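Colleague: Have a look at this one.
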Amino acid sequence: MIEFRDVSYSVNGIQVLSGLNLRVAQGEILVLLGRSGSGKTTTLKLVNRLVAPSSGQVLVNGAPNDQVDLIRLRRGIGYVIQEAGLFPHFTVERNIGLVPKIEGWPEERIRARVQEMLQLVGLSPDLASRYPHQLSGGQRQRVGVARALAADPAILLMDEPFGALDPLTRDELQREFLSLQQRVHKTVVFVSHDLREALRLGSRIALMEAGKLVTVLTPAEFLTSSDPWASAYVRAFGAGLESAANRGTS
Amino acid sequence: MNLARFFLQNHSQVLELTGEHLWLVGWSTLFAMLIGIPLGILIAHRTQLNRPVLATANIIQTIPSLALFGFLLPVPWLGDRADRLAILALTLYALLPIIRNTYAGIRGVDAAVVEAGRGMGMTESQLLFQVELPLALSVILSGVRVAVVISVGLATIAAAIGAGGLGEFIFRGLAMVDNRVILAGAIPAAILALLADFGMGLIEKRLRPR
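Respectively, the protein sequence lines represent chains X and V.
In terms of our numbering, the first sequence is residues 13 to 262.
In terms of our numbering, the second sequence is residues 1309 to 1518.
The structure is reproduced here in structure tokens:
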């Protein structure tokens, strides 16, 4: 579905990413876990080519993503970022309907799709005419997810989407996201620095450190791993992690 | 009272010169927007151009207006008609605030919002017209507002080269050593500036993004 082949990326002489090899399977949630500056967001942006690699290739649906139409590629990939990145001057309805609109869907179909998406992410249809600043953080993030799913992309890229939320709302959204994924079966690449979140949501966890991929493990493997970086993470997050682990519902 | 009588006696000329004044300010502001907004957009996206462009606009701004009118006088075609020349000079002065605010407005748009749009597959022109310009609009308009207010004041000097406008009264009053005549030009010019400032302020407020 997504494959990184020996991908390196450097900018202004700084090596951000080196020798990345990674496959993301169809329908899985791959969590890129790492601290700030580990290269996880860069890895994510390589998929929709917001970042172009200095060397190596990124394959999306089997094709190198520099050999397909860039706009088509991006419209086929949902993108959710922290604080949702909603357009402040668009209503919720226009935000969610953005990709369908630029794809030229008829108005009626867009409206129906927006209603469907609001329901899917658990928002009241009354919110359609609101502006992002009139919503709570959790509602904005739900709109962000709805917007990413609106044109029904097969791939979803999520860059710390729940990072700025309070713990209760974050918990709620993580739970809803898992049940949503049961229904929509997207291929998800999810960036996080929170091990608890990674264990809970991930089918697999790709641990990154200083621009390199350290290891790729399932949540259960991660907890018992002897890898020094993985065990350092487990220690840092302390006790009670076992109960958080996603034991492979998919 | 003398002044009021002067206005009443000369009201048709006051109106005519006010009309000429608006003509000069209107055209020059329009031209400055047509040049300045695209230039501002350009330098916001090609940041290596922003220094030379802003420096040039800054230098133009420092040329004393009377001198600029004088410099342009011998230019063929332009020099043939004083109002053309005045409109060109006023356009040049109006450029700086418009370019600078367009640049600042677009650079001020949240980079995350633009990147989200790009990541979802918006083309560069969709990003410009649907995201960057709407979000920068109130800042751009406040640049236009400054430009209009400056132009209303500067346009009085256009009378020195015979381009008409309310400056006619001011220069005539100076020559006649008659304050009434000076005020007959200065007061309507001040009122025009205030009205333009107020009107543009209203538009700006209405278009401000939430």
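Backbone N, C-alpha and C define an ideal beta-carbon position, used for all residues, glycine too.
Model, not experiment: these values are computed from the prediction.
Would the beta-carbon of X/V111 fall within 8 Å of that of X/V70?
Modeller: The residue labelled residue 111 of chain X in the question sits at position 99 within the first sequence. The residue labelled residue 70 of chain X in the question sits at position 58 within the first sequence. No, the pair does not count as a contact, with Cβ atoms beyond the cut-off.
Colleague: Pick out the complete alpha helix (DSSP H) segments inside the stretch 134-205 of chain X, 4 residues or longer, and give them in chain order.
Modeller: DSSP runs (the alpha helix (DSSP H)) wholly in the stretch 134-205 of chain X: 149-161 and 179-196.
Colleague: Can you give me the C-alpha to C-alpha distance between V/T1326 and V/L1462, rounded to a whole angstrom?
Modeller: The sequence position of residue 1326 of chain V within the second sequence is 18, counting from 1. The sequence position of residue 1462 of chain V within the second sequence is 154, counting from 1. So the two alpha carbons sit approximately 14 Å from each other.
Colleague: Give me the Cα-Cα distance between X/F16 and V/A1397, rounded to the nearest whole angstrom.
Modeller: For the purposes of this step, residue 16 of chain X is identified with residue 4 of the first sequence, where counting begins at 1. For the purposes of this step, residue 1397 of chain V is identified with residue 89 of the second sequence, where counting begins at 1. Approximately 58 Å, taken between the alpha carbons.
Colleague: What number of angstroms, rounded off, separates the C-alpha of X/A140 from the C-alpha of V/G1413?
Modeller: To locate residue 140 of chain X, count along the first sequence from 1; it is residue 128. To locate residue 1413 of chain V, count along the second sequence from 1; it is residue 105. C-alpha separation (whole angstroms): 28 Å.
Colleague: Alpha carbons only, please: which of V/L1445, V/M1484, V/L1403 and V/N1366 is nearest the one belonging to V/M1508?
Modeller: Translated into positions along the second sequence, residue 1508 of chain V becomes position 200. With distances taken between Cα atoms, V/M1508 lies closest to V/L1445.
Colleague: So with CB distances below 8 Å, who are the chain X contacts of V/E1324?
Modeller: Position 16 of the second sequence holds residue 1324 of chain V. Near V/E1324 there are no residues of chain X at all, since even the closest Cβ is about 43 Å away, more than 8 Å.
Colleague: Per DSSP, what kind of secondary structure is X/F99 in: helix, strand or coil?
Modeller: Residue numbering aside, residue 99 of chain X sits at position 87 when the first sequence is read from its first letter. Three-state DSSP puts X/F99 in coil, outside helix and strand.
Colleague: If X/K52 sits next to X/M170, beta carbons under 8 Å apart, how far is it from one beta carbon to the other, in whole angstroms?
Modeller: As a position in the first sequence, residue 52 of chain X is number 40, starting the count at 1. As a position in the first sequence, residue 170 of chain X is number 158, starting the count at 1. With 8 Å as the limit, X/K52 and X/M170 do not qualify as a contact, their Cβ atoms being about 11 Å apart.
Colleague: Figure out for me which residue from X/V59, X/L42 and X/W241 has the closest Cα to the Cα of X/I83.
Modeller: Residue numbering aside, residue 83 of chain X sits at position 71 when the first sequence is read from its first letter. The shortest C-alpha separation from X/I83 is found at X/V59.
Colleague: Using only CA atoms, which one of V/D1486, V/A1497 and V/L1510 lies nearest to V/N1310?
Modeller: Locating residue 1310 of chain V in the second sequence gives position 2, counting from the first residue. Cα-wise, what sits closest to V/N1310 is V/D1486.
Colleague: Just by C-beta distance, which residues in the stretch 1442-1456 of chain V are closer than 8 Å to chain X?
Modeller: From the stretch 1442-1456 of chain V, only P1442 and L1443 have a Cβ closer than 8 Å to chain X.
Colleague: Going along chain V, which residues have a C-beta under 9 Å from X/F99?
Modeller: Numbered from its first residue, the first sequence carries residue 99 of chain X at position 87. Chain V residues near X/F99: V1421, A1424, G1425, Q1438, V1439, P1442 and L1443.
Colleague: If we cut at 8 Å on Cβ distances, does V/M1341 have a partner in chain X?
Modeller: Here residue 1341 of chain V refers to the residue found at position 33 of the second sequence. Output row for V/M1341: interface = no.
Colleague: Classify X/S262 as helix, strand or coil using the three-state DSSP reduction.
Modeller: Counting from one through the first sequence, the residue named residue 262 of chain X turns up at place 250. Residue placement at X/S262 cannot be trusted, given a pLDDT of 43 that sits under 50; the coordinates are not used to answer.
Colleague: Have a look at X/V196 and V/I1343 and give me their C-alpha separation to the nearest angstrom.
Modeller: Along the first sequence, read from residue 1 onward, the residue named residue 196 of chain X stands at position 184. Along the second sequence, read from residue 1 onward, the residue named residue 1343 of chain V stands at position 35. Between X/V196 and V/I1343, the C-alpha separation is close to 49 Å.
Colleague: Look at V/A1352 and V/Y1411 and say whether their C-beta atoms are less than 8 Å apart.
Modeller: Your numbering for residue 1352 of chain V matches position 44 in the second sequence. Your numbering for residue 1411 of chain V matches position 103 in the second sequence. Going by C-beta atoms, V/A1352 is nearer than 8 Å to V/Y1411.
Colleague: Where do the N-terminal and C-terminal ends of the alpha helix (DSSP H) with V/Y1361 fall, by residue?
Modeller: Counted from its first residue, the second sequence places residue 1361 of chain V at position 53. Per the sequence shown, the amino acid found at residue 1361 of chain V is Val instead of Tyr. V/V1361 -> alpha helix (DSSP H) spans N1358 to T1370.
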